[in-house]
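Comments concern the structure below.
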Amino acid sequence: MNNTFFTDNEKNIPRGTVRTRFAPSPTGYMHVGNLRTALYAYLIAKKNGGTFILRIEDTDKARQVEGAEELIYKTLASCGIIPDESPKVGGLTPPYIQSERRGIYKQYAEYLVELGGAYRDAEAPDVIRQRIPQDGATTFSDLVYGTITTPNADLDENVLIKSDGLPTYNFANVIDDHLMGITHIVRGSEYLSSTPKYNLLYEAFGWTPPEYIHCPPVMRDKQNKMSKRHGDPSFEDLAEQGFLPAAIVNYVALLGWSPGGERELFTLSELSDSFTIEGISKSPSIFDIIKLRYFNSEYIKRLTDEEFRAVAAEDLNKIASYSASPENALVIERLTQPRIDLLSGIAELWAFLGELPDYGTELFVHAKSKSTLESAAAAIVWLIDALEQEDSWDNESLTAVMTELSEAHGVKKSVVMWPARIAMAGQAVTPGGATEIAVLLGKAEAIRRLTIAAKKLSAEGV
RNA sequence: GGCCCGUUGGUCAAGCGGUUAAGACGUAGGCCUCUCACGCCUGAAACACGAGUUCGAUUCUCGUACGGGUCACCA
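Just so you know, we're using the working numbering here: the first sequence kicks off at 3 and counts up by one.
The following block contains the structure:
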């Protein structure tokens with residue numbers, strides 16, 4: 003074994019550049035915790051003008067999932083987390099898929115045996131184990147947790163190369179991270195206790211260990227991590243529910259990291275500028291979907307008309323009178339945007355437009371609006387009368403009609419508005435007011451619904 | 001159980017020896033209003049506990065309790 007073999011890859015890497023990596027195994031979905039790890043690794047690279055690398059860890063053949071690698075690209079791309087080097091685009095230190103690197107691990111393992119840092123296990127069939135000193139202690143420094151010292155006696159001599167010839171996760175990681183010139187390893191805190199073994203490996207090879215940045219877990223509650231098994235949503239699930247990727251990224255960035263100030267809303271590139279390793283928390287954070295909804299609503303509110311239309315198109319098109327006219331579309335969009343925190347709730351919000359809900363007349367009673375069954379019955383008759391004469395069916399005209407009506411009969415405006423809205427929507431809470439709903443419904447349907455209300459009320463002897 | 005790590009309001013969190021202990025979500029009340037929402041204002045709500053160190057501890061040290069991680073030919 004000659005020395006050039008071991009240094010070939012390193013020659014390619016410019017000295018002094020920060021290189022981070024995200025190294026998922028292709029399981030078919032992206033955990034929120036994983037996404038955050040990827041994000042932090044990306045941010046650290048970008049903050050320092052460095053390189054962010056995607057490496058696929060597929061050494062466990064049994065867990066291979068079809069299409070999983072594609073999904074990783076798709077997920078990262080939708081978040082704007084674009085790897086500078088990856089299996090797809092290549093880079094300075096290929097290949098980027100561990101199963102394509104198996105020869106490398108074997109050679110390094112044998113070299114490590116020569117160096118004395120590992121040995122062939124005589125008992126077990128054909129495996130190579132790490133050799134750990136019996137005495138002393140190993141110290142490493144983590145940028146989040148500080149200096150941690152572990153007695154060597156507490157460290158196990160783990161398998162490095164399995165009997166199938168493939169490396170174990172820990173070994174493959176050390177080799178790849180070194181060969182790919184990774185300067186900062188960002189990973190979950192569950193690796194904290196195996197890090198001394200990593201450092202021993204680096205030492206045995208005579209390599210400089212990277213900086214470690216261990217991140218506390220993202221929890222579902224006080225004692226359990228987020229998990230697909232418990233039904234916790236993955237990134238894909240959240241996106242499916244109508245969360246905007248940018249909102250998810252922003253929220254997740256703040257779960258376990260604080261920018262220090264009072265600002266909470268950050269775009270990806272603003273995060274790249276503001277991110278600091280010192281701001282990473284040591285203790286676990288509980289994922290709060292209520293707060294995520296808040297972030298989502300903030301992001302939705304900030305969308306331009308065009309952006310909102312594009313992002314909500316699918317849900318918007320399910321609304322009955324949405325495509326009736328461009329004017330209708332705009333009214334619905336403007337009314338929807340400020341009051342929704344989840345895209346998937348849009349169709350439901352406007353369902354009453356398509357079909358008048360079966361409602362009870364008690365909805366006509368509203369103290370604050372001074373609306374009673376009797377006043378409603380009267381107002382509806384006035385409305386039908388007046389609206390049948392009305393030809394300009396727009397918001398301004400209808401507002402004028404209803405205002406005049408209330409003035410003519412000497413009642414509060416809401417005495418007319420309230421029953422109008424209830425009759426036309428069939429529900430107490432609606433996006434938009436009476437006149438807006440009337441516009442969306444169109445003259446014929448609005449009057450039809452008012453007539454139904456009139457009948458309902460008279461059927462009850464009002 | 002051994003070893004390692006953590007602990008500020010319900011949640012995310014600022015704080016890095018002296019503060020009326022920020023801010024956000026949520027929550028309660030109010031204002032605005034053609035319902036709801038948006039927006040605005042106001043309120044309630046926290047340093048796990050016990051010893052030290054110190055003139056002074058949320059901040060430093062130790063212990064206790066509680067929680068998490070890890071002890072695989074899984075990543």
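Beta carbons are placed, not taken as given, at the ideal position from N, Cα and C, and that holds for glycine.
Is the Cβ-Cβ distance between residue i and residue j less than 8 Å?
i      : j      : result
Tyr31  : Lys230 : yes
Gln132 : Leu162 : yes
Ala70  : Thr29  : yes
Val313 : Leu246 : yes
Phe289 : Leu257 : yes
Leu94  : Glu87  : yes
Lys284 : Tyr121 : no
Val129 : Lys164 : yes
Phe297 : Asn330 : no
Val176 : Leu203 : yes
Tyr214 : Phe173 : no
Gly412 : Leu337 : no
Leu385 : Leu452 : yes
Lys372 : Lys414 : yes
Glu300 : Leu267 : yes
Ala440 : Met426 : yes
Thr432 : Met404 : no
Ser327 : Asn319 : no
Could you give the C-beta distance for residue i and residue j, rounded to a whole number, given that I count them as a contact under 8 Å?
i      : j      : result
Pro359 : Ser287 : Actually they are not in contact, since the Cβ atoms of Pro359 and Ser287 sit about 41 Å apart, beyond 8 Å.
Leu459 : Ala379 : 4 Å
Gln429 : Leu344 : Not a contact, Cβ separation roughly 19 Å.
Gly183 : Ile15  : 4 Å
Leu181 : His216 : Actually they are not in contact, since the Cβ atoms of Leu181 and His216 sit about 22 Å apart, beyond 8 Å.
Arg17  : Thr185 : In fact, because the Cβ distance is near 10 Å, the residues do not count as touching under 8 Å.
Pro26  : Glu59  : 7 Å
Between which two residues does the beta strand (DSSP E) containing residue i stretch?
i      : result
Arg131 : Val129 to Gln132
Asp144 : Ala139 to Asp144
His186 : His186 to Gly190
Tyr42  : Looking at the DSSP string, Tyr42 is not in any beta strand (DSSP E); the run it does join, the alpha helix (DSSP H), is Val34 to Lys49.
Val161 : Val161 to Ile163
Ile84  : Run containing Ile84: none; DSSP gives neither H nor E here.
Leu56  : Thr53 to Leu56
My output table needs one value for residue i: the three-state DSSP class, helix, strand or coil.
i      : result
Ala25  : coil
Ala120 : strand
Ile321 : coil
Ser373 : strand
Met221 : strand
Thr401 : helix
Ala245 : Here the sequence assigns Phe to residue 245, which means Ala is not the residue at that position. Coil at Phe245, not helix or strand.
Thr9   : The predicted position of Thr9 is uncertain, since its pLDDT is 48 and thus under 50; a value taken from the coordinates is nonetheless stated next. Three-state result, Thr9: helix.
Asn14  : helix
Ser285 : coil
His411 : coil
Trp352 : coil
Trp384 : helix
His232 : coil
Asn4   : For Asn4, the predicted structure reports a pLDDT of 41, less than 50, and the residue's modelled location is therefore unreliable. A value from the coordinates is still provided. Here Asn4 sits in coil by DSSP.
Gly183 : coil
Ala430 : coil
Mind checking which residues open and close the alpha helix (DSSP H) that includes residue i?
i      : result
Glu125 : Here Glu125 belongs to no alpha helix (DSSP H), and DSSP marks it neither H nor E.
Leu442 : Ala436 to Leu443
Glu71  : Ala70 to Cys81
Ile302 : Ile291 to Lys303
Trp209 : Per DSSP, Trp209 belongs to no alpha helix (DSSP H) and is neither H nor E.
Ser346 : Where Ser346 is concerned, there is no enclosing alpha helix (DSSP H), given that its DSSP letter is neither H nor E.
Gly92  : Segment: none, Gly92 is in no alpha helix (DSSP H) and carries neither H nor E.
Ser271 : Leu270 to Ser276
Leu337 : Pro328 to Thr338
Name the one or two DSSP bridge partners that residue i has.
i      : result
Thr151 : Thr141
Pro169 : Ile163
Lys227 : Met221
His216 : Arg189
Trp420 : Answer is none; Trp420 lacks a bridge partner.
Ile99  : Ile58
Trp259 : Ile282
His368 : Ser373
Any heavy atom of the ligand MG closer than 7 Å to the Cβ of residue i?
i      : result
Ala322 : Ligands in the displayed structure: none, and consequently the ligand MG is not present.
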